Amino acid sequence: MITLQFVPYNELSKLTPVGRIKKILDIAKENKIVLVEGRLKPEEEASLIQRTMEEVSKEFKGIELCTIYPESK
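One point on numbering: in our numbering, the residue at position 13 of the sequence shown is 17, and numbering is uninterrupted.
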């Protein structure tokens, strides 16, 4: 079964950069697809990738980042 978890912008905006990364990783480790409203800053994305690589194991295979840009009208 595929499970999505939506994380609204206002939930992440209240957290520190470390807190945002921890929240996203914790959800991903529950084998859920994390859909985040908004974007992480480039340095936060880099930290998320770094933390993910440190925590890869048999149980946790890692993450894949994807950004969807709305069409310009």
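Ideal Cβ placement from N, Cα and C applies to all residues, glycine included.
All values reported here derive from a predicted model rather than from experimental measurement.
Can you tell me which of ASN35, GLU41, PRO46 puts its alpha carbon nearest to the alpha carbon of LYS62?
-> Taking the sequence shown and counting its residues from 1, one reaches residue 62 at position 58. Residue nearest to LYS62 within the set ASN35, GLU41, PRO46 is ASN35 (criterion: CA-CA distance).
Using alpha carbons as the reference points, say which of VAL11, ILE72, THR7, GLU75 lies closest to LEU39.
-> Within the sequence shown, residue 39 is the residue found at index 35, counting from 1. LEU39 has its Cα closest to that of VAL11, out of VAL11, ILE72, THR7, GLU75.
Quick one: Cα of LEU52 to Cα of ILE6, how far?
-> For this step, residue 52 is matched to residue 48 along the sequence shown. For this step, residue 6 is matched to residue 2 along the sequence shown. Going from the Cα of LEU52 to the Cα of ILE6 covers about 22 Å.
In terms of alpha-carbon separation, which member of GLU58, MET57, THR56, ARG43 lies closest to TYR73?
-> Locating residue 73 in the sequence shown gives position 69, where the first residue counts as 1. Distances from the alpha-carbon of TYR73 to those of GLU58, MET57, THR56, ARG43 put ARG43 closest.
First and last residue of the alpha helix (DSSP H) that includes LEU69?
-> Position 65 of the sequence shown, counting from 1, holds the residue named residue 69. Neither: LEU69 is in no alpha helix (DSSP H) and is coded neither H nor E.
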